[in-house]
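So the sequence shown is numbered by this note's numbering: it starts at 203 and just counts up by one. We put the beta carbon where it would ideally sit given N, CA and C, even for glycine. A short write-up of the structure that comes next.
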Amino acid sequence: MRDRIKIIVNPFSGGGKARRLAESVVGELRRMGCAVELHETRRTDAQGNFSVVGCAGGDGTIHEVVNGLPEGDATPLALLPSGTANVLARELKLPRDPGRLARIIREGRELRWDIGVDRARGRKFLLFASAGYDAHVVHLFHATRSKAARSAIWNMGLYVVWGVKSLLEYSAPRIAVELDGKPVTAEATWVQVSNVRSYGGPLAFTPQARPDDGLFDVMVQKAGRRRDVVRMLWAGFLNYLLPIDVRTPDVAFHRAREVRLATTDGRSVPLQMDGDPAGHLPARFQILPGALRILAP
Numbered sequence: 203m204r205d206r207i208k209i210i211v212n213p214f215s216g217g218g219k220a221r222r223l224a225e226s227v228v229g230e231l232r233r234m235g236c237a238v239e240l241h242e243t244r245r246t247d248a249q250g251n252f253s254v255v256g257c258a259g260g261d262g263t264i265h266e267v268v269n270g271l272p273e274g275d276a277t278p279l280a281l282l283p284s285g286t287a288n289v290l291a292r293e294l295k296l297p298r299d300p301g302r303l304a305r306i307i308r309e310g311r312e313l314r315w316d317i318g319v320d321r322a323r324g325r326k327f328l329l330f331a332s333a334g335y336d337a338h339v340v341h342l343f344h345a346t347r348s349k350a351a352r353s354a355i356w357n358m359g360l361y362v363v364w365g366v367k368s369l370l371e372y373s374a375p376r377i378a379v380e381l382d383g384k385p386v387t388a389e390a391t392w393v394q395v396s397n398v399r400s401y402g403g404p405l406a407f408t409p410q411a412r413p414d415d416g417l418f419d420v421m422v423q424k425a426g427r428r429r430d431v432v433r434m435l436w437a438g439f440l441n442y443l444l445p446i447d448v449r450t451p452d453v454a455f456h457r458a459r460e461v462r463l464a465t466t467d468g469r470s471v472p473l474q475m476d477g478d479p480a481g482h483l484p485a486r487f488q489i490l491p492g493a494l495r496i497l498a499p
């Protein structure tokens, strides 16, 4: 019986929408007879004796909560989507209605979801990690975002505009890629290690990825000119819109359980996980099959 629930809310997510949604869902659950605690975001809030932990916010909030869970924790996770991209919520086809979300928390089915972990940092991710153009944009965007008022609304449109601006000054790195102990290339310019087909916004860089197959889908781009980046973005857009797999000649796709990335040109190469900055290379990603239980419709 899911009757003892903790919901963690990011009060800044969605310009305050996350807080309002969380309060509405808490009200619905209490009318169902559940004992519910509502807390603002803390890395340790996910721990405790609860039948469900809920996250109200975007993918960054979920990322923070999952990293607050001890490895091997079996507490089911419920999502109350109210962030910018909401990639995970879109994958699960979650509603926004408080009543329907409360019923999912109370009665929804449990899915097993693979987790990725960077053993170099001990940091987990649910969606994707990458080094290359998008990680470059993520670091620049969040550095600018951190200087703005916390109440400011930063949406996907602003993110796209910032990405286009950053392309004008972008210089591709050189990245060595090793998959399951075997070297693949030392000349990659953009690598995405993914659990899901979707990316933030109308993009799908790894259209064959699944979150329950025990494998990463790894996209490796080797060309680093600005037009190659634009071509990759265009392919991702078409993959999102159409039921086809659009591939460009400078990109290869692989599947692996362990991925090692390192810079080969001495530069400091940014890394991102689930859309947030995650330091710089090197990185060693391992997949933890079915390590998370997520509630879905």
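CA-to-CA distance, residue j to residue i, given in whole angstroms
{"i": "T246", "j": "G270", "result": "With a pLDDT of 46 at T246, under the threshold of 50, the modelled position of that residue is not reliable, and the figure given next carries that caveat. Taking the straight line joining both Cα atoms gives about 5 Å."}
{"i": "V395", "j": "G218", "result": "31 Å"}
{"i": "R459", "j": "A493", "result": "14 Å"}
{"i": "G342", "j": "L231", "result": "For clarity, residue 342 is Leu in the given sequence; the question names Gly instead. Rounded to the nearest angstrom, the two C-alpha atoms are 40 Å apart."}
{"i": "A425", "j": "D275", "result": "41 Å"}
{"i": "Y335", "j": "W436", "result": "14 Å"}
{"i": "A337", "j": "G403", "result": "15 Å"}
{"i": "L281", "j": "G324", "result": "23 Å"}
{"i": "G310", "j": "T466", "result": "47 Å"}
{"i": "E389", "j": "V211", "result": "41 Å"}
{"i": "N397", "j": "A237", "result": "33 Å"}
{"i": "P451", "j": "M421", "result": "12 Å"}
{"i": "T277", "j": "R221", "result": "22 Å"}
{"i": "G285", "j": "D447", "result": "28 Å"}
{"i": "P413", "j": "E371", "result": "34 Å"}
{"i": "A345", "j": "S368", "result": "13 Å"}
{"i": "V267", "j": "R233", "result": "26 Å"}
{"i": "E312", "j": "A287", "result": "23 Å"}
{"i": "V227", "j": "S215", "result": "16 Å"}
{"i": "D320", "j": "H456", "result": "18 Å"}
{"i": "V340", "j": "Q488", "result": "22 Å"}
{"i": "A354", "j": "G259", "result": "Low confidence applies to A354: its pLDDT is 42, below 50, so where it sits in the model is not reliable, and the reading given next is rough at best. When rounded, the distance between both Cα atoms is 15 Å."}
{"i": "L490", "j": "H265", "result": "15 Å"}
Beta-bridge partners of residue i, as assigned by DSSP
{"i": "G318", "result": "F327 and I489"}
{"i": "L313", "result": "I496"}
{"i": "W392", "result": "Q423"}
{"i": "P278", "result": "P278 pairs with nothing; no bridge assigned."}
{"i": "D478", "result": "M475"}
{"i": "V238", "result": "I207"}
{"i": "P283", "result": "G259"}
{"i": "A333", "result": "V393 and L473"}
{"i": "F455", "result": "M421"}
Boundaries of the beta strand (DSSP E) in which residue i is found, first to last residue
{"i": "R462", "result": "E460 to T465"}
{"i": "V379", "result": "I377 to L381"}
Terminal residues of the alpha helix (DSSP H) in which residue i lies
{"i": "F252", "result": "Counting along the chain, F252 falls outside any alpha helix (DSSP H), and DSSP gives it neither H nor E."}
{"i": "G270", "result": "D261 to G270"}
{"i": "V431", "result": "R428 to L443"}
{"i": "K219", "result": "K219 to R233"}
{"i": "V289", "result": "V289 to L294"}
Nearest candidate by alpha-carbon position, reference residue i, set the options
{"i": "G468", "options": "S400, A378, W392 and R433", "result": "A378"}
{"i": "E225", "options": "E293, L303, I264 and L279", "result": "L303"}
{"i": "P499", "options": "F407, V319 and L279", "result": "L279"}
{"i": "T263", "options": "P283, F252 and T277", "result": "P283"}
{"i": "L463", "options": "L497, D205 and K384", "result": "K384"}
{"i": "I153", "options": "F330, P472, A345 and L240", "result": "Absent from the structure is residue 153, since the part of the chain shown begins at 203 and ends at 499."}
{"i": "V432", "options": "L405, S332 and M475", "result": "L405"}
{"i": "D430", "options": "V453, F439 and N441", "result": "V453"}
{"i": "I209", "options": "N251, G256, L223 and F252", "result": "G256"}
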